[in-house]
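Residues in the sequence shown are numbered consecutively from 148, following my numbering.
Written below as structure tokens is the structure these notes are about.
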Amino acid sequence: MDYKDYYKILGVERSASTDDIRKSYRKLAMQYHPDRNPGNKQAEEKFKEINEAYQALSDPQKRARYDQLGSEYSNWQQRGAPGDFDWSQWFNNQQSGRGGTRVEYGDLNDLFGQGGFSDFFQSIFGGGMSGTATGTRTRSVPAYQQPIVISLQEAHDGALRSFQSSGRKVEVRIPAGVKTGSKVRVAGAGPEGRDLYLIVEVAEDVRFEREGNDLRTSVTIDAFTAILGGEAEVETMDGKVKLKIPAGTQPEQVFRLAGRGMPHLKSAHTKGDLFVRVKVRIPKQLSSRQKALLEEAARQKSV
């Protein structure tokens, strides 16, 4: 069995914070998501690998166990890799003696077309998700969880996802207004008929910054429009709109477009606002006529 470097897969250092790991995962997952790469088997395998790495490193207990294994594996390599690495001590048998609890872990076969986790992952973590408990004692079994990455536009509009689970097609509607960290419950869609919770990751959008249900963006206008007034075309989640620019608009002035933000999760008809920051572009070159007019305006100012 080969060792898998999950830090390298996610492109982060071993000292990376949980937030750094999440950001890198979100970026890579959007890049290699099967919906963005239809029919691309290499992208599908990469997406599966990225998801597996995130499952291991986003959970503090799994990450600690993985780091301990990595230290042992590194020491073995530095010793010249004598013999075969002893994997047996790392296998996740999780079985105590008489009167204990034995846990058998499942996997998420075919979820979002990804297939199950690798032998390496399942040997170390037992599938990485929840499972069934047997033995003389029982304990509650948490639901299966699976991260899902969506765009900001999908978070605004709502999205539909379909996947295969236990040989059947399951369709899930992601409601409008979800945020990163939102959970979407899919009853009975997990392995062995358990509930599945989709943990939403909303990818960053180059056009907007999100603050709760409000959005922030910027628009650039020329100096003449700022002085005299006019209109500017502004991107919104529903398409482009005209923003009225009053005469005398100042650089960095912010305008509010009510109801042009993100929908409220529990009331999709209620939306936040869009705040537009105006940037003023000063011309680097002027025609002789423009220069003469500005000089005349400057003289009038001093009168």
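Ideal Cβ placement from N, Cα and C applies to all residues, glycine included.
In this text, all values refer to a predicted model and were calculated from it rather than measured experimentally.
How would you call residue i, buried or exposed, if buried means at least 16 neighbouring beta carbons within 10 angstroms?
{"i": "R161", "result": "exposed"}
{"i": "Q293", "result": "buried"}
{"i": "L433", "result": "exposed"}
{"i": "P410", "result": "buried"}
{"i": "K418", "result": "buried"}
{"i": "R446", "result": "exposed"}
{"i": "E425", "result": "The question names Glu, yet the displayed sequence has Val at residue 425. Buried, because 16 or more other Cβ atoms sit within 10 Å of the Cβ of V425."}
{"i": "H416", "result": "exposed"}
{"i": "L299", "result": "buried"}
{"i": "R354", "result": "exposed"}
{"i": "R169", "result": "buried"}
{"i": "A211", "result": "exposed"}
{"i": "F238", "result": "The pLDDT assigned to F238 is 46, lower than 50, so where the model puts this residue is not dependable; a value taken from the coordinates is nonetheless given after this. So F238 ends up on the exposed side."}
On the three-state DSSP scale, how would you describe residue i?
{"i": "I429", "result": "coil"}
{"i": "E196", "result": "helix"}
{"i": "H411", "result": "strand"}
{"i": "H416", "result": "strand"}
{"i": "A379", "result": "strand"}
{"i": "A306", "result": "strand"}
{"i": "Q397", "result": "coil"}
{"i": "T327", "result": "coil"}
{"i": "E356", "result": "strand"}
{"i": "K387", "result": "strand"}
{"i": "S365", "result": "strand"}
{"i": "E442", "result": "helix"}
{"i": "Y150", "result": "coil"}
{"i": "R315", "result": "strand"}
{"i": "E191", "result": "helix"}
{"i": "E348", "result": "strand"}
Determine the direct distance from the alpha carbon of residue j to that of residue i, and round the result to whole angstroms.
{"i": "Y213", "j": "S309", "result": "32 Å"}
{"i": "K413", "j": "P322", "result": "9 Å"}
{"i": "D352", "j": "K438", "result": "40 Å"}
{"i": "N184", "j": "F268", "result": "25 Å"}
{"i": "I297", "j": "F422", "result": "23 Å"}
{"i": "S456", "j": "Y172", "result": "Limits of the chain in this structure are 148 at one end and 450 at the other, which puts residue 456 out of reach."}
{"i": "R357", "j": "K330", "result": "19 Å"}
{"i": "K448", "j": "L441", "result": "10 Å"}
{"i": "T396", "j": "R407", "result": "21 Å"}
{"i": "P430", "j": "A370", "result": "7 Å"}
{"i": "E301", "j": "G359", "result": "16 Å"}
{"i": "Q208", "j": "T165", "result": "13 Å"}
{"i": "I368", "j": "S435", "result": "22 Å"}
{"i": "L362", "j": "Q215", "result": "42 Å"}
{"i": "E378", "j": "T372", "result": "8 Å"}
{"i": "D206", "j": "K188", "result": "28 Å"}
Once you ignore the five residues that flank residue i on each side, which residues in its own chain have a CB closer than 8 Å to its CB?
{"i": "D342", "result": "A290, Y291, R332, V333, A334, G335, A336"}
{"i": "E443", "result": "none"}
{"i": "I197", "result": "I156, L157, Y172, L175, A176, Y179"}
{"i": "W375", "result": "Checking the sequence shown, residue 375 turns out to be Leu, not Trp. Once the five neighbours on either side are set aside, the close Cβ partners of L375 are A394."}
{"i": "L404", "result": "V381, T383, V388, L390, D420, L421, F422, V423"}
{"i": "E318", "result": "L307, R308, S309"}
{"i": "K316", "result": "S309, F310"}
Excluding sequence positions up to five away, which residues of its chain have a Cβ less than 6 Å from the Cβ of residue i?
{"i": "G217", "result": "none"}
{"i": "S365", "result": "R424, K426"}
Does chain C have any CB closer than 8 Å to the CB of residue i?
{"i": "E318", "result": "Of the protein chains in this structure there is only one, and it is not chain C."}
Here's a check: name, in chain order, each residue in its chain whose Cβ is nearer than 7 Å to the Cβ of residue i, leaving out the five neighbours to either side.
{"i": "D167", "result": "V159"}
{"i": "D304", "result": "A323"}
{"i": "Q400", "result": "V425"}
Original post:
Okay, do the stretch 187 to 198 and the stretch 160 to 179 touch, 3+ Cβ pairs below 8 Å being the bar?
Top reply: yes
Original post:
At a cut of 8 Å, does the stretch 149 to 157 reach the stretch 197 to 208 through at least three beta carbon pairs?
Top reply: Verdict: yes, contact present.
Subject >> Validate contact between the stretch 340 to 357 and the stretch 314 to 331 using beta carbons, cut 8 Å, 3 pairs >> reply: yes
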